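Read the structure below first, then the notes.
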Amino acid sequence: MNDPDNRTTDPRQSGQERRRPAAIDPWEARERERERFRRGRSSRRPRPDREEVWSSADFNFRENFLVFGILLTIVLLIGSGMARFSDANRYLMLQVGTFLVLLLLGTCRSFQENVFPALGRDPNPWLLGLTVWTGIAFALSPYRNFAATEMLRVISGVGVYFVTAYTLRSPRQVSFVLSGILGLGVLLSLYDLSQAGKPGAHLNDMFSLLGTHEHAGSVLTLLLPVALVFAIHPDIEEKRRLAATAAGLILAVALLSSRFRSGWVATLLAVLILAILHFRYFRSGERDDRPDRRPAWQKALLSPVVQVLVALTVFLVLTNLAPLVSQRASLLNLRDDAAFAGRLSIWEGTIGMIRDRPLLGWGLGSFPVLQGWYTHIGDDMAVVLAKGTTHDNNAHSYYLQWTAEAGLIGLFLHIGVLASFVLTALYSIPRLKTPFQTALISGTLAAVLASLVDSLSSPMYHFAGIQAIQYAWIGLGIAAIRPIPRTGSAPGPTTLHPSLTYRIGGALAALLTVGAVGFWVWRTGERHRTMPPGTFQIIAEPIGPVAPGTTVYWRAVFSDAQGIAQPTLPGTLWTVQGGDSWRNADQELREIREAEPIHPPPGYYAPRPSPRQSLFSVLIPGEIGAASVRVKATYRDRYGRIYEAWSEKSIRSRR
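If you're matching positions, the sequence shown starts at 6 in the working numbering and goes up one per residue.
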């Protein structure tokens, strides 16, 4: 503190005063700083309030296999969501990644804390509850192949959390894992930018190595806040800040090029959080008790934030990307945006799934199979079970899809994990000592908050790689809370325990989220009950009786109360009634458009307007004892009402 005589009082000297040191030339201060980090570790005076600087000479594979194992696990889990690999290879990478992270937990020398006391601290009880409930939701699922993928995703994510939170033994290992994850994101971004910059390429094309712009955007949304916090923290060593600034610039450019609006909104929130933390908790940039006497305008002009913003502005101007970014960022054209309208339809159908089984859900992996019955978007159930599907059968909202599969109980546990970590981080930031700890917990906090916003409308959080990065940040944030030991000393237990108020706050946040979703489901159901019904019918071709060996086609047609045709594929259930003899007949389900004939003449070009209609065909067997064939179609409209229609065709005798 400063006294009226402009002197500085040192609390360690009882009542004694020392004068403020004389001003040091900025160039001389810069040279001293470089020399301090240029000297060997043995010649540097140990500082308990500074982070240890990692160097390659102190790192080897034998002693740090956990670090390389974590990075390899994340690479495998990210690869399990890349569309360029076959389904079998993606599932194999998911299995290997999950096995590897469990192997790391089983072969680590020891945990950094006693296991049983650590399991009682947030967010560990929530994670254990989420894992147990995931097993219950797996048992409830009738589609075990899809459920196994979801089960492995959750297990691998929880495993990555415990490895990063409780097995890393030093700040160097934490720093190496952090740098490895950010470096992986930088490499992916450089590859994507190189593909987008090829002659003839357009940013509307799917140029990302990860397969889709949503996948790339969600990865970048998780990585960018962590890179930015190390770039703006004034007490991080200069080389680290420069490297973080360069990484943040590359990730930001790639995020802009991804056309991912959800990631843009989430990143803006993360930047706002970092700005608040910077002015509230970060130090003023003083090193070794030497105050920074630069004017405020110089500090602002030379700050990494301004450098990144200037570089992004130049990039947007030189690459002519500004019109595309402004068009995607505009909220004025959402009504005319077909993609946004499609997501609203998917969310409305997902609400119907939740309303039918609100508490327990339909079981893991059920949503891609059953969603067509509620949304009439994407692939039909039979196609999904036979060939699989893409993220077109995804709800494009992690909260809604997870609730449909795991129920409101699963949503409560998922939100509890994230909310408890956020509150733990907020409690710990003002109580940490070293700049590295403060920057790491702040960056992971901003990244987790960004993921909370991004997962509202992103289809990618059901991919194991995205959740692995999210849980890795939570684990590294918990590792940052642990006191950093001196070289050669044993690590100590976590001493920052949030109060009971913070722990209750996590449960309240989860309850509020569950209550909001429950109210949304109830309110939507009440509104749907007041909607007028539509009309459903099936049209048969050919007209009149048919002979054995003929293929009969039935087309499902639904019109709402205004007479507007609505899609019937996916979501129309067909059954042939008449006994077991018809089950062996050749049956086929395919798509047809309203203006498209079943048998087009040669050279005919059929326009393909919406909506898609379900076309069901049956080949009348040559030897059949039945006098007719009867088909039943069941349809569910967007308001939850069930419609049924029958059609019967007479079969002519061969005589």
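For glycine and all other residues, C-beta sits at the position ideal for the given N, C-alpha and C.
Note that the structure is a prediction, hence the values are computed from the model and not measured.
Look at the alpha carbon of Arg657 and the alpha carbon of Asp591, and state the distance between them as a whole number of angstroms.
For the purposes of this step, residue 657 is taken as residue 652 along the sequence shown, with counting starting at 1. For the purposes of this step, residue 591 is taken as residue 586 along the sequence shown, with counting starting at 1. The straight-line gap from Cα to Cα measures roughly 19 angstroms.
Could you give the distance in angstroms between the alpha-carbon of Ile603 and the alpha-carbon of Val581?
The count along the sequence shown starts at 1 and reaches residue 603 at position 598. The count along the sequence shown starts at 1 and reaches residue 581 at position 576. Cα to Cα, Ile603 sits roughly 20 angstroms from Val581.
Cα-Cα, which of Ala251, Val168, Arg126 is closest to Phe70?
The residue labelled residue 70 in the question sits at position 65 within the sequence shown. Selected option, being the one with the closest Cα: Val168.
What number of angstroms, rounded off, separates the C-alpha of Gly185 from the C-alpha of Ile471?
Locating residue 185 in the sequence shown gives position 180, counting from the first residue. Locating residue 471 in the sequence shown gives position 466, counting from the first residue. Distance between the alpha carbons of Gly185 and Ile471 is about 16 angstroms.
Express the C-alpha separation of Thr154 and Ile359 in angstroms, rounding to a whole number.
Within the sequence shown, numbered from 1, the residue matching residue 359 stands at position 354. Within the sequence shown, numbered from 1, the residue matching residue 154 stands at position 149. Answer to the nearest angstrom: the Cα atoms are 21 angstroms apart.
Which one of Gly530, Leu110, Pro626 has the shortest CA to CA distance from Thr556?
Here residue 556 refers to the residue found at position 551 of the sequence shown. Comparing Cα-Cα distances from Thr556 to each of Gly530, Leu110, Pro626, the minimum goes to Pro626.
Do Asn399 and Gly377 count as a contact pair if the criterion is CB distance below 9 angstroms?
If you number the sequence shown from 1, residue 377 lands on position 372. If you number the sequence shown from 1, residue 399 lands on position 394. Their beta carbons are not under 9 angstroms apart, which means Gly377 does not touch Asn399 by this criterion.
When you compare the CB positions of Val562 and Lys654, do they come within less than 9 angstroms of one another, or not?
In the sequence shown, counting from the first residue as 1, residue 562 sits at position 557. In the sequence shown, counting from the first residue as 1, residue 654 sits at position 649. Val562 places its beta carbon 9 angstroms or farther from that of Lys654.
Thinking Ile382 and Val526 are a contact (beta carbons under 8 angstroms), I'd like their distance in whole angstroms, please.
Indexing the sequence shown from 1 puts residue 382 at position 377. Indexing the sequence shown from 1 puts residue 526 at position 521. The Cβ separation is near 19 angstroms, so there is no contact.
For Ala280, which of Leu233, Thr577, Ser262 has the nearest alpha-carbon?
Against the sequence shown, residue 280 aligns to sequence position 275. The shortest Cα separation from Ala280 among Leu233, Thr577, Ser262 belongs to Leu233.
If Ser157 and Gln100 are in contact, beta carbons under 8 angstroms, what's the gap, nearest whole angstrom?
Working through the sequence shown from its first residue, we reach residue 157 at position 152. Working through the sequence shown from its first residue, we reach residue 100 at position 95. The question names Ser, yet the displayed sequence has Leu at residue 157. Confirmed, Cβ separation roughly 7 angstroms.
For a test of the three-state rule: what should DSSP assign to Thr172, helix, strand or coil?
What you label residue 172 is simply residue 167 of the sequence shown in a count that begins at 1. Taken through DSSP and simplified to helix, strand or coil, Thr172 comes out as coil.
Starting from Arg641 and walking both ways along the beta strand (DSSP E), at which residues does that stretch end?
Mapped onto the sequence shown, residue 641 falls at position 636. Per DSSP, Arg641 belongs to the beta strand (DSSP E) from 633-641.
What does Phe563 pair with, by DSSP beta-bridge criteria?
Walking along the sequence shown from the start, residue 563 turns up at place 558. Beta-bridge pairing links Phe563 to Phe541, Gln571.
Under 8 angstroms, with one C-beta from each stretch per pair, do the region 412-420 and the region 462-481 reach the 3-pair mark?
Contact fails: fewer than three Cβ-Cβ distances are below 8 angstroms.
Does Gly74 pass the burial test, meaning 16 or more other C-beta atoms within 10 Å, or should it be called exposed?
Counted from its first residue, the sequence shown places residue 74 at position 69. By the 10 Å Cβ count, Gly74 comes out buried.
Out of curiosity, what's the CA-to-CA distance linking Ile446 and Asp361?
Position 441 of the sequence shown, counted from the start, is the residue given in the question as residue 446. Position 356 of the sequence shown, counted from the start, is the residue given in the question as residue 361. Ile446 and Asp361 have their C-alpha atoms spaced approximately 40 angstroms apart.
Run the CB neighbour count on Phe284, radius 10 Å, all protein chains shown included, and call it buried at 16 or more, exposed below.
Position 279 of the sequence shown holds residue 284. Exposed is the call here.
To the nearest angstrom, how far is it from the Cα of Tyr166 to the Cα of Tyr476?
Taking the first residue of the sequence shown as position 1, residue 166 is located at position 161. Taking the first residue of the sequence shown as position 1, residue 476 is located at position 471. Looking at the two C-alpha atoms, the distance is approximately 5 angstroms.
Need the endpoints of the beta strand (DSSP E) that Ile548 sits in, please.
Here residue 548 is taken as the residue at index 543 of the sequence shown, counted from 1. From DSSP, Ile548 is part of no beta strand (DSSP E); its letter is neither H nor E.
Measuring CB to CB, does Leu229 end up less than 9 angstroms from Leu260?
One-based indexing of the sequence shown puts residue 229 at position 224. One-based indexing of the sequence shown puts residue 260 at position 255. Yes, the pair counts as a contact, with Cβ atoms nearer than the cut-off.
Taking the alpha helix (DSSP H) that Tyr432 belongs to, which residues open and close that run?
Locating residue 432 in the sequence shown gives position 427, where the first residue counts as 1. For Tyr432, the enclosing alpha helix (DSSP H) covers residues 403-433.
So what's Glu353 in DSSP terms, helix, strand or just coil?
The count along the sequence shown starts at 1 and reaches residue 353 at position 348. Glu353 falls in the helix class under three-state DSSP.
Which one of Met536, Trp559, Gly554, Pro537 has the shortest CA to CA distance from Glu546?
Taking the first residue of the sequence shown as position 1, residue 546 is located at position 541. Ranked by how close their Cα comes to the Cα of Glu546, the residues Met536, Trp559, Gly554, Pro537 have Trp559 in first place.
Leu641 and Gly539 look like a contact to me (Cβ under 8 angstroms); what is the Cβ gap, rounded to whole Å?
If you number the sequence shown from 1, residue 641 lands on position 636. If you number the sequence shown from 1, residue 539 lands on position 534. Rather than Leu, the amino acid found at residue 641 in this sequence is Arg. Arg641 to Gly539, Cβ: 11 angstroms. No contact.
Quick one: give me the first and last residue of the beta strand (DSSP E) that Ile382 is part of.
The residue given as residue 382 occupies position 377 in the sequence shown. That residue, Ile382, is in no beta strand (DSSP E); it is neither H nor E in DSSP.
If Val224 sits next to Val458, beta carbons under 8 angstroms apart, how far is it from one beta carbon to the other, in whole angstroms?
Numbered from its first residue, the sequence shown carries residue 224 at position 219. Numbered from its first residue, the sequence shown carries residue 458 at position 453. Wrong, their Cβ atoms sit about 15 angstroms apart, outside the cutoff.
In the DSSP assignment, find the beta strand (DSSP E) that holds Gln117 and state where it starts and stops.
On the sequence shown, residue 117 is found 112 positions in, with the first residue counted as 1. Where Gln117 is concerned, there is no enclosing beta strand (DSSP E), given that its DSSP letter is neither H nor E.
Would you report the Cα separation of Ala514 and Ala275, rounded to the nearest angstrom?
Start at 1 with the first residue of the sequence shown, and residue 514 comes out as number 509. Start at 1 with the first residue of the sequence shown, and residue 275 comes out as number 270. Looking at the two C-alpha atoms, the distance is approximately 19 angstroms.
On the three-state DSSP scale, how would you describe Trp367?
Along the sequence shown, one-based indexing puts residue 367 at 362. In the structure shown, Trp367 sits in coil (DSSP, three-state: anything other than H, G, I, E or B).
Helix, strand or coil: which one does DSSP assign to Asp294?
For the purposes of this step, residue 294 is identified with residue 289 of the sequence shown, where counting begins at 1. Legend: pLDDT at Asp294 = 46, less than 50; position of this residue unreliable, value from coordinates given subsequently. Coil, per DSSP.
Between the region 111-123 and the region 170-189, do three or more beta carbon pairs fall short of 8 angstroms?
yes
Tell me where the beta strand (DSSP E) around Phe621 begins and ends.
Along the sequence shown, one-based indexing puts residue 621 at 616. Here the beta strand (DSSP E) through Phe621 covers 617-624.
Within this structure, are the beta carbons of Ala346 and Thr217 separated by less than 9 angstroms?
To locate residue 346, count along the sequence shown from 1; it is residue 341. To locate residue 217, count along the sequence shown from 1; it is residue 212. The answer is no: Cβ separation not under 9 angstroms.
Determine the direct distance from the alpha carbon of Gly162 to that of Ser462, and round the result to whole angstroms.
Numbered from 1 along the sequence shown, position 457 holds the residue referred to as residue 462. Numbered from 1 along the sequence shown, position 157 holds the residue referred to as residue 162. When rounded, the separation of the alpha-carbon atoms in Ser462 and Gly162 is 20 angstroms.
How many angstroms separate the CA atom of Phe583 from the CA atom of Lys637?
Translated into positions along the sequence shown, residue 583 becomes position 578. Translated into positions along the sequence shown, residue 637 becomes position 632. Here the sequence assigns Gly to residue 583, which means Phe is not the residue at that position. Taking the Cα positions, Gly583 is about 11 angstroms away from Lys637.
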